[in-house]
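Student: What follows is a single structure, and I will ask about it in a moment.
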Amino acid sequence: MTGTYRFDAATAVTATGVPGRWRCAVDPEWTIGGRPNGGYLLALATRAALAEVDARGGEHLDPLAVSGAYLAVAPAGPLDVDVEVLRTGRGTSVLRATVHAPQDGEAYVAVTLTCGTLPAAGRGHRHDAVPPVALPPLERCVRLPAGTKDYEAPLLGQVAEHVDPDCLGWVTGPPSGRGELRGYLTFDDGRPPDGLALLLAADALPPATFDLGLTGWVPTLQLSVWLRAHPAPGPLAVRQLVRVVDDGSASGGRSATVDETCDVWDSTGALVATGHQLASLRLGLSPRPAP
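In the numbering used here, the protein residues as written are 6 to 296.
This is how it looks when you write it as structure tokens:
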């Protein structure tokens, strides 16, 4: 793997000899609190799906829309990805990918993908009603650490997350109450962003519920990412917003959830991806990271 970027090594897949089955390995360096990041798992499954398209001689080698349901916590180490081609059309292909244990077949993530061809970086939208994120220069933002004495976040040693200081009230003082986090994302080893990186970026920031004063574990239940263009080289700008918090009162607090939207812009200011996530809200079950 000499000369390979760490993200590419961590999402690498190899053929197993079984039709439609690819071998991968969950890298513990891409975890938060001992659990693989949801966007990382989505990127891993997507790489396997694209490898299957390529192995079949297909032309639809860019992810356009990717949706994952998280069934169980995936362990670190070797896993299999079973890929099924559901449809091949002139402009798009639709696939299903399931990440599971090689031994007993226990499924961890079930993913559906629409693949095609993304436009090149710099192609403008005919209509774009998403307000662009306003950020101070990167050097004025605060990099989140890869953990504290109470919290381990190896992912933040692979992806540099520089957060707008105005969003850090949950660390330095009272939270703003807006339910918003924003900042810059770059790979620490200089890897340029691409479609797989956008899947990671759509789930890389801490939960925006921290900005509401709600702390605890926020495991992803379902994550969908829509990709719009190949990103230009340079830092990605990300804004994550809480849309709705359901306190779970109807079920005695057992099913509290949060609905978040994450928009991603490339270094030219072009909107290149949007993620929509439903996550469980388990207050007080784990410490929060702190810059």
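Where a beta carbon is used, it is the ideal one built from N, C-alpha and C, also for glycine.
Buried or exposed for Arg293, please, with buried defined as at least 16 other CB atoms from any protein chain shown within 10 angstroms of its CB.
Tutor: Looking up residue 293 in the sequence shown gives position 288. Low confidence applies here, because Arg293 scores a pLDDT of 47, under 50, leaving its location unreliable; read the following figure in that light. That one is buried.
Student: Can you look up Ala284 in the DSSP assignment and give me helix, strand or coil?
Tutor: Along the sequence shown, one-based indexing puts residue 284 at 279. DSSP places Ala284 in strand when its eight states are reduced to three.
Student: Is Ala134 buried or exposed, if buried means 16 or more other CB atoms sit within 10 Å of its CB?
Tutor: As a working note, residue 134 is residue 129 in the sequence shown. With fewer than 16 other Cβ atoms within 10 Å, it is exposed.
Student: For the alpha helix (DSSP H) that Thr177 lies in, which residues bound it at each end?
Tutor: Locating residue 177 in the sequence shown gives position 172, where the first residue counts as 1. That run of the alpha helix (DSSP H) goes 174-177.
Student: Measure the Cβ-Cβ separation of Leu219 and Leu288 and say whether it is below 8 Å.
Tutor: Sequence index remark: in the sequence shown, residue 219 carries index 214 (1-based). Sequence index remark: in the sequence shown, residue 288 carries index 283 (1-based). Closer than 8 Å, so yes.
Student: Specify the secondary structure class of Ala50 as computed by DSSP and reduced to three states.
Tutor: Residue numbering aside, residue 50 sits at position 45 when the sequence shown is read from its first letter. DSSP places Ala50 in helix when its eight states are reduced to three.
Student: According to DSSP, simplified to helix, strand and coil, what is Gly221?
Tutor: Reading the sequence shown from its first residue, position 216 is the one you call residue 221. Three-state result, Gly221: strand.
Student: CB-CB under 7 Å to Leu161, same chain, minus the five flanking residues each way: which ones, in chain order?
Tutor: As a working mapping, residue 161 is identified with position 156 in the sequence shown. Same-chain partners within the cutoff: Leu149, Pro150, Ala151.
Student: In three-state DSSP terms, what is Ala17?
Tutor: Counting from 1 along the sequence shown, the entry for residue 17 is found at position 12. Ala17 falls in the coil class under three-state DSSP.
Student: Do Cys146 and Gly188 have their beta-carbon atoms positioned less than 8 Å apart in this structure?
Tutor: Your numbering for residue 188 matches position 183 in the sequence shown. Your numbering for residue 146 matches position 141 in the sequence shown. Cβ atoms of Gly188 and Cys146: closer than 8 Å.
Student: With a threshold of 8 Å, are at least 3 pairs of Cβ atoms found where one atom belongs to the stretch 223-234 and the other to the stretch 162-179?
Tutor: Segments in contact, no.
Student: Just the Cα atoms here: how many angstroms apart are His281 and Pro198?
Tutor: Locating residue 281 in the sequence shown gives position 276, counting from the first residue. Locating residue 198 in the sequence shown gives position 193, counting from the first residue. Answer to the nearest angstrom: the Cα atoms are 20 Å apart.
Student: Answer with buried or exposed for Ser260, where buried requires no fewer than 16 other C-beta atoms within 10 angstroms of its C-beta.
Tutor: In the sequence shown, counting from the first residue as 1, residue 260 sits at position 255. By the 10 Å Cβ count, Ser260 comes out exposed.
Student: What residue from Val58, Ala60, Gly73, Val104 has the CA that sits closest to Ala79's CA?
Tutor: As a working note, residue 79 is residue 74 in the sequence shown. The shortest Cα separation from Ala79 among Val58, Ala60, Gly73, Val104 belongs to Val104.
Student: Less than 8 Å between the C-beta atoms of Gly184 and Ala213, yes or no?
Tutor: Against the sequence shown, residue 184 aligns to sequence position 179. Against the sequence shown, residue 213 aligns to sequence position 208. In contact: Gly184 and Ala213 (Cβ atoms closer than 8 Å).
Student: Determine the DSSP secondary structure at Ala106, reduced to helix, strand or coil.
Tutor: By one-based count along the sequence shown, residue 106 stands at place 101. Coil, per DSSP.
Student: Ordered along the chain, which non-local residues of its own chain (more than five positions away) have a Cβ less than 7 Å from that of Val31?
Tutor: Along the sequence shown, read from residue 1 onward, the residue named residue 31 stands at position 26. The residues are Pro41, Ala79, Pro80, Ala81, Gly82, Leu84.
Student: Within the chosen definition, does the stretch 239-256 reach the stretch 88-98 through at least 3 CB pairs nearer than 8 Å?
Tutor: Result no; under three Cβ-Cβ pairs closer than 8 Å.
Student: Where does Arg131 land, buried or exposed, given buried means 16+ other C-beta within 10 angstroms?
Tutor: Stepping through the sequence shown from its first residue, residue 131 is reached at position 126. Label assigned to Arg131: exposed.
Student: What's the gap between the Cα of Gly182 and the Cα of Val23?
Tutor: As a working mapping, residue 182 is identified with position 177 in the sequence shown. As a working mapping, residue 23 is identified with position 18 in the sequence shown. Whole-angstrom Cα-Cα distance: 51 Å.
Student: Roughly how far, in whole angstroms, is the beta-carbon of Arg52 from the beta-carbon of Thr16, given that I think they are within contact range, below 8 Å?
Tutor: On the sequence shown, position 47 is the one that residue 52 refers to. On the sequence shown, position 11 is the one that residue 16 refers to. Correct: roughly 5 Å between the Cβ atoms.
Student: Can you check which of these residues, Thr153, Gly63, Val71, is closest to Val114 by C-alpha distance?
Tutor: As a working note, residue 114 is residue 109 in the sequence shown. Ranking the options by Cα distance to Val114, first place goes to Val71.
Student: Counting C-beta neighbours from all protein chains within 10 Å, is the total for Ser254 16 or more, i.e. buried, or is it exposed?
Tutor: Position 249 of the sequence shown, counting from 1, holds the residue named residue 254. By the neighbour-count rule (16 or more Cβ atoms within 10 Å), Ser254 is not buried but exposed.
Student: Which partner residues of Gly152 appear in the DSSP bridge assignment?
Tutor: The residue labelled residue 152 in the question sits at position 147 within the sequence shown. BP columns for Gly152 point to Glu157.
Student: Classify Asp87: buried if its beta carbon has 16 or more other beta carbons within 10 angstroms, exposed otherwise.
Tutor: For the purposes of this step, residue 87 is taken as residue 82 along the sequence shown, with counting starting at 1. So Asp87 counts as buried.
Student: Please name the residue in Gly38, Ser98, Ala48, Tyr75 whose C-alpha comes closest to that of Val58.
Tutor: Counted from its first residue, the sequence shown places residue 58 at position 53. Looking at the Cα atoms, Ser98 is the closest of the given residues.
Student: By Cβ distance, which residues of its chain are closer than 8 Å to Ser291, with the 5 residues on each side in sequence left out?
Tutor: Here the question's residue 291 lines up with position 286 in the sequence shown. Residue confidence for Ser291 is low, a pLDDT of 48 falling below 50, so the modelled location carries little weight and cannot support an answer.
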